[in-house]
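Heads up, the thing below is written out as structure tokens.
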Amino acid sequence: MDIRVAAPAKLNLYLHVVGKRADGYHLLDSLVAFAADGDVVSASPAPSLQLTIDGPFADGLSNGADNLVHRAASELAAAVGRAPAVALTLTKNLPVASGIGGGSADAAAALRALCDLWSIAPDDARVEAIAAKLGADVPVCLRGEAAYLVGIGHETDPAPSLPAAGLLLVNPRVPLPTPPVFKARSGPFSAPARLERAPRDAAELGAMLAARHNDLAAPAITIVPAIRDILTALEATGGVRLARMSGSGATCFALYDDEDSAIRAAATLNPSWWALPSRLSTRLPPPIRCE
Ligand code: C5P
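Each residue of the sequence shown is one higher than the last, beginning at 1 in the UniProt record's numbering.
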């Protein structure tokens, strides 16, 4: 028996840094949604904990105890008092260290798979505590619904309903770890800016988001200047409703009315970039059991 859980790309549709805590973590106001595509985590019972990583971005990722998927499994097993007797496979379709959840989405998917396998409620307080410990984006990926981040991002508030939209993700194939980007941020903090109401369609979503921004884009561009080239190229694609960097970068996304427009736009970009046409998603699919 095998349980498969989608670990789609996470997107920060806007991200305002609204303050900083004494411990160095930043207070955020961000609207998070997902792509319809991304990594996949599967889990099946096994004599001991094993992690296999395959897929186009498997190279260079450790499958040892420091991998977030591995940590998710061992910490959950310890918390519920059982042996971590599970074989996990991570199919890494998304670039690593790229601002779209990556390790966080994978860790959350592993928690969801193991909750299904071990009959634990995913909203069990022990699971939520492990998610918060594993990384700032793990809780929102575990809950699996579009949401506003609260505080440093461990808490969430429900998002307004979001329209169907095409989505194009583009990465310069340069990994960008998060801490140096937050470190390079300077200047005054932004005000929170939640959407005033639910947007009707992709055009209105783009217009509402255009009045907001990603405060980490400027510092990220100082580290990876190719981000600016990607944003400029995305802004020039046909039918684009918004082009923006996600999270701490370097992945950028563009919104369109439909996926076909995103596919057409992808064909016009620098072929050395990684590009994934997809759709905006507001709720992750449930785990799938394959007997
Ligand atoms: O929690 P996570 O490991 O995902 O965060 C990586 C780093 O990003 C943190 O060590 C911190 O430097 C920075 N960060 C932050 N404020 C947040 C989230 C992350 O400063 N809200």
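Note that the Cβ used here is the ideal one computed from N, Cα and C, for glycine as well. Quick caveat: nothing in here was measured; it's all calculated off a predicted structure.
By alpha-carbon positions, which one of the options ends up nearest to residue i?
i, options, result
"residue 69", "38, 255, 243, 114", "114"
"residue 156", "168, 147, 73", "147"
"residue 19", "205, 192, 133", "192"
Straight-line CA distance for residue i to residue j?
i, j, result
"residue 181", "residue 284", "28 Å"
"residue 36", "residue 203", "19 Å"
"residue 234", "residue 187", "27 Å"
"residue 154", "residue 67", "20 Å"
"residue 230", "residue 243", "9 Å"
"residue 224", "residue 81", "44 Å"
"residue 112", "residue 74", "14 Å"
"residue 89", "residue 55", "10 Å"
"residue 210", "residue 52", "41 Å"
"residue 118", "residue 290", "15 Å"
"residue 3", "residue 129", "23 Å"
"residue 127", "residue 184", "33 Å"
Do the CB positions of residue i and residue j come within less than 8 Å of each other?
i, j, result
"residue 46", "residue 86", "yes"
"residue 361", "residue 34", "The structure shown does not extend to residue 361, since the chain is modelled only from 1 to 291, so the question has no answer here."
"residue 275", "residue 170", "yes"
"residue 237", "residue 254", "yes"
"residue 9", "residue 94", "yes"
"residue 164", "residue 280", "yes"
"residue 259", "residue 278", "yes"
"residue 134", "residue 72", "yes"
Would a check of beta-carbon distances place residue i closer than 8 Å to chain B?
i, result
"residue 222", "The chain labelled as chain B is not found in the depicted structure, where only one protein chain is given."
- Item | Complete beta strand (DSSP E) runs within the UniProt domain "GHMP kinase N-terminal" (67-144) (minimum length 3 residues, chain order) | 86-91
- Query: What residue ranges within the UniProt domain "GHMP kinase C-terminal" (200-269) form continuous alpha helix (DSSP H) runs of no fewer than 4 residues, ordered along the chain?
  - Reply: 202-210, 217-223, 226-235, 259-266
- Query: At what residue ranges does the region 2-49 contain a whole run of the beta strand (DSSP E), taking only runs of 3 or more?
  - Reply: 2-20, 26-45
- Message: Using a strict less-than 5 Å threshold between each residue's beta carbon and the heavy atoms of the ligand C5P, what residues do you get?
- Response: 25, 26, 135, 136, 152, 153, 178, 179, 182
- Minimum length 3: unbroken beta strand (DSSP E) runs contained in the region 147-178: 147-150, 155-158, 166-171
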